[in-house]
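The structure appears below as structure tokens.
Residue numbers (the working numbering): 68 to 146.
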């Protein structure tokens with residue numbers, strides 16, 4: 068499943084696996100809260116990834132953040 072979210076004035080696709088046990092609305096709320104927190108208080112490597120974010124993949128309780136540079140791709144825990 069794919070949903071589009073707005074993050075830093077960009078539309079970013081969020082991909083889900085169909086076996087997610089949590090409701091999509093709860094996952095999106097956790098994701099947006101985590102991203103907003105990390106863009107303000109995260110380390111430089113994380114902020115660099117978020118500034119060049121192209122897509123997000125949710126796998127269980129982790130969000131895989133894909134950026135323009137493959138070296139900047141990171142994983143975040145949502146819980």
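Don't be surprised by glycine CBs; every beta carbon is placed ideally from N, CA and C.
Note that the structure is predicted; figures quoted are calculated from it, not measured.
Classified as exposed, residue 142 has fewer than 16 neighbouring CB atoms from the shown chains inside 10 Å of its CB. Look at residue 145 here: in three-state DSSP terms it is coil, with no helix or strand label. Using a C-beta cut-off of 8 Å, the segment 91-110 makes no contact with the segment 133-142, since fewer than three inter-stretch Cβ pairs fall below that distance. Here the alpha carbon of residue 110 sits roughly 30 Å from the alpha carbon of residue 88. Straight-line spacing of the CA atoms in residue 78 and residue 122 works out to 9 Å.
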